[in-house]
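So for the sequence shown, the numbering used here puts the first residue at 5; every next one is plus one.
All C-beta atoms, glycine included, are put in the ideal place defined by N, C-alpha and C.
Keep in mind that this is a model prediction, so the values were computed, not measured.
Just below is one structure, and these are the notes that go with it.
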Amino acid sequence: NVANMSAFEREFAVGNLIKLEQNYRSCGHILSAANALIEHNTQRLGKELWTDAGDGEQLRVYEAATDGEEAQWLLEEVRALIAEGWRRSDIAVLYRSNAQSRVIEHSLFSAGLPYRVYGGLRFFERMEVKHALAYLRLLDNPADDGAFLRVVNFPARGIGARTVEQLADAAAVAGCSLHDAVQRMSGAPAAKLGAFTRLLADLRERTRRMGLADTVEEVVERSGLLAHYQNDREGQERIENLRELVNAAAAYLADEGIAADTPAGLGVANAAQPEAASVLSGAPDGELLADAPAAVQLTPLAGFLSHASLEAGENQAAEGVDALQLMTVHSAKGLEFDAVFITGLEEGLFPHENAVTEIDGLEEERRLMYVAITRARQRLYVSMSQSRMLHGQTRYNLRSRFLEELPAASLKWLSDRRQPAAWRGGYGGAWEGERIGSAPAPGGGRRGTAPAPAVPGGLRVGMAVRHGRFGDGVVVDIEGAGGDARAQINFGASGMKWLALSVAKLERV
């Protein structure tokens with residue numbers, strides 16, 4: 005706590021303050037970036053790091069269109085480093101939130117690249133994720149005793165060890181699953197266990213026609229997991245992981261070529277096996293046809309659970325194996341690596357959205373970024389994504405303010421630094437410097453070949469705009485049309501705002 009050091013200096017009237025400013029770890033460009041960043045903090049003693057090791061390499065900056073593309077770029081850069089002779093264990097991938105690791109882990113797993121999560125667990129091994137998967141396994145197969153035991157009393161339902169023991173005895177006598185043995189119980193235990201099986205039946209009915217991502221979200225909500233962690237003082241990170249599980253489900257469908265609205269419990273043909281589609285086309289909801297090929301007798305839910313089990317397997321490198329290092333910025337304190345990737349440098353992610361509203365929260369986030377930067381000895385990569393999946397839906401983000409606080413002379417852009425590629429004409433309607441809502445071009449149409457806009461000025465979700473009061477922002481939602489149209493815009497530090505498009509003066513960034 006920097007306040008402790010400030011108080012010591014003041015209370016003991018320190019007359020000769022000695023600052024340890026020479027850095028023996030990082031090259032000059034890395035230290036220049038760290039120094040420039042931390043200067044924006046007001047609560048600091050003041051320190052200017054320097055090195056006699058020379059400038060070294062500039063920070064490499066990359067902006068991806070999606071979080072998946074960011075992970076793929078990271079994978080390719082790591083492969084290039086390894087090809088140059090860098091050891092995997094000398095390369096670290098840092099992220100602000102544990103939930104970010106899921107997309108990165110998936111990319112590394114798919115490529116067969118050994119990695120190790122330092123100071124934490126792989127995504128599908130995290131307690132809250134395993135709880136949610138247990139509920140999903142019970143939807144897929146109520147006779148899964150392992151899943152039943154994991155969540156029968158989580159969140160707590162007053163079902164103790166003695167009740168579970170009695171249930172196990174009843175199941176053994178009847179030769180059935182724990183789920184089916186509930187109906188053989190009596191008294192108070194039967195009431196509590198019956199409430200749990202009714203919850204499962206209700207979830208099964210509610211999700212019968214839902215797509216996979218919606219099913220996961222419904223289970224996280226209705227099971228009580230979300231409320232449980234919301235009431236936990238330190239439950240925010242677990243909630244983020246549960247939300248990321250929804251994204252994982254949506255990503256699984258995309259990877260497998262399965263339509264997002266396909267009922268999670270309906271047997272579907274793999275996109276690569278079109279000949280099986282006709283076999284399954286007549287299957288009732290939640291059922292598989294007996295004569296369907298064995299290779300395609302898999303529901304989206306069952307396939308996703310299989311995928312989760314596979315990624316939670318032995319893909320993390322064993323001790324002694326040269327492996328890429330994955331960790332949160334918090335876990336990286338005190339460590340150092342030859343090459344470091346800082347991922348997800350976006351407003352709301354790093355700095356975290358909660359920090360913006362907390363006293364001194366932003367300065368603490370900036371100190372974390374300072375820590376992340378100074379973990380690198382020789383090479384530092386910084387990446388961000390124009391869009392990320394949130395609750396199974398795409399969310400558009402602004403570049404982190406921290407990026408703007410780094411010296412341009414120390415940065416080497418690997419992508420277009422001027423503005424996100426996806427926003428240069430990709431979302432239709434507005435051209436460089438044109439005011440949203442301006443009059444059409446002569447002849448009744450707009451310049452170029454853009455289609456007629458659905459809202460004033462051709463505003464689209466994902467478009468980068470500027471407001472005279474709130475600054476730069478990204479359109480995240482649009483409602484209404486014509487004179488009643490309004491847009492929700494993420495203005496970063498100024499927060500989310502709903503603006504009436506007939507009144508607001510917005511410009512394309």
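Coarse secondary structure for residue i, derived from DSSP in three states
{"i": "N20", "result": "coil"}
{"i": "A11", "result": "helix"}
{"i": "F158", "result": "coil"}
{"i": "T219", "result": "helix"}
{"i": "L510", "result": "strand"}
{"i": "T332", "result": "strand"}
{"i": "H44", "result": "coil"}
{"i": "F495", "result": "coil"}
{"i": "W502", "result": "strand"}
{"i": "I262", "result": "coil"}
{"i": "G179", "result": "coil"}
{"i": "D148", "result": "coil"}
{"i": "A485", "result": "coil"}
{"i": "L353", "result": "strand"}
{"i": "A343", "result": "strand"}
Proximity winner among the options, relative to residue i (alpha-carbon distances)
{"i": "A57", "options": "Q170, R370, H33 and Q329", "result": "H33"}
{"i": "A24", "options": "A7, N5, A17 and L49", "result": "Correcting the residue type first, residue 24 is Leu in the shown sequence and not Ala. Ranking the options by Cα distance to L24, first place goes to L49."}
{"i": "A336", "options": "E13, V97 and A192", "result": "V97"}
{"i": "A253", "options": "S114, Q234 and M393", "result": "M393"}
{"i": "S391", "options": "L182, Q62, L229 and N251", "result": "N251"}
{"i": "A306", "options": "R166, A185, V220 and E67", "result": "V220"}
{"i": "A175", "options": "S105, S93 and Q187", "result": "Q187"}
{"i": "I363", "options": "N45, L21 and A38", "result": "N45"}
{"i": "A151", "options": "L182, G123, D488 and G162", "result": "L182"}
{"i": "V168", "options": "L153, R161 and A75", "result": "L153"}
{"i": "S101", "options": "M373, C180 and A178", "result": "M373"}
{"i": "A11", "options": "Q47, L41, S36 and N39", "result": "Q47"}
{"i": "R106", "options": "E238, V155, G348 and A165", "result": "G348"}
{"i": "A268", "options": "S227, C31, T211 and S310", "result": "T211"}
{"i": "G123", "options": "C31, L339, R226 and L21", "result": "L339"}
{"i": "A205", "options": "E81, P146 and P159", "result": "P146"}
{"i": "A327", "options": "E73, G60 and I86", "result": "I86"}
{"i": "S190", "options": "Q170, E209 and A17", "result": "Q170"}
{"i": "L270", "options": "L302, A69, E368 and V513", "result": "L302"}
{"i": "D59", "options": "I108, V386, P355 and Q382", "result": "Q382"}
{"i": "L216", "options": "E238, V177 and A264", "result": "A264"}
Proximity test, residue i beta-carbon vs the ligand HEM heavy atom, cut-off 7 Å
{"i": "V133", "result": "The model on display carries no ligand, and the ligand HEM is accordingly not part of it."}
Residue i vs residue j beta-carbon contact at 8 Å
{"i": "V223", "j": "Y99", "result": "no"}
{"i": "L353", "j": "G496", "result": "no"}
{"i": "V480", "j": "V469", "result": "no"}
{"i": "A376", "j": "I95", "result": "no"}
{"i": "L143", "j": "L207", "result": "yes"}
{"i": "S506", "j": "Q329", "result": "no"}
{"i": "G466", "j": "S498", "result": "no"}
{"i": "A37", "j": "S419", "result": "no"}
{"i": "G162", "j": "K134", "result": "no"}
{"i": "A1", "j": "L257", "result": "What is shown of the chain runs 5 to 513, which leaves residue 1 out entirely."}
{"i": "F345", "j": "R379", "result": "no"}
{"i": "W54", "j": "N27", "result": "yes"}
{"i": "Y233", "j": "R226", "result": "no"}
{"i": "L384", "j": "L41", "result": "no"}
Assigned exposure category for residue i - 16 Cβ within 10 Å defines buried
{"i": "T361", "result": "exposed"}
{"i": "S313", "result": "exposed"}
{"i": "F128", "result": "buried"}
{"i": "W77", "result": "buried"}
{"i": "R405", "result": "buried"}
{"i": "Q62", "result": "buried"}
{"i": "F308", "result": "buried"}
{"i": "M214", "result": "buried"}
{"i": "S111", "result": "buried"}
{"i": "G179", "result": "exposed"}
{"i": "E351", "result": "buried"}
{"i": "E408", "result": "exposed"}
{"i": "G116", "result": "exposed"}
{"i": "M9", "result": "exposed"}
{"i": "D488", "result": "exposed"}
{"i": "D218", "result": "buried"}
{"i": "S30", "result": "buried"}
{"i": "Q104", "result": "buried"}
{"i": "F16", "result": "exposed"}
{"i": "A141", "result": "Rather than Ala, the amino acid found at residue 141 in this sequence is Arg. Answer is buried; the Cβ neighbour count reaches 16."}
{"i": "G462", "result": "buried"}
Any C-beta of chain D under 8 Å from that of residue i
{"i": "L49", "result": "Reference to chain D is not applicable here, since this structure consists of a single protein chain."}
Report the residue ranges of all alpha helix (DSSP H) runs contained in full by the segment 383 to 427; include only those spanning at least 4 residues, in chain order.
-> 405 to 408
Those runs of the alpha helix (DSSP H) which lie wholly inside the segment 54 to 139 and span at least 4 residues | 71 to 87 and 105 to 115
Starting from the N-terminal side, write out each stretch of the alpha helix (DSSP H) that is 4 residues or longer and does not extend beyond the segment 217 to 257.
-> 229 to 234
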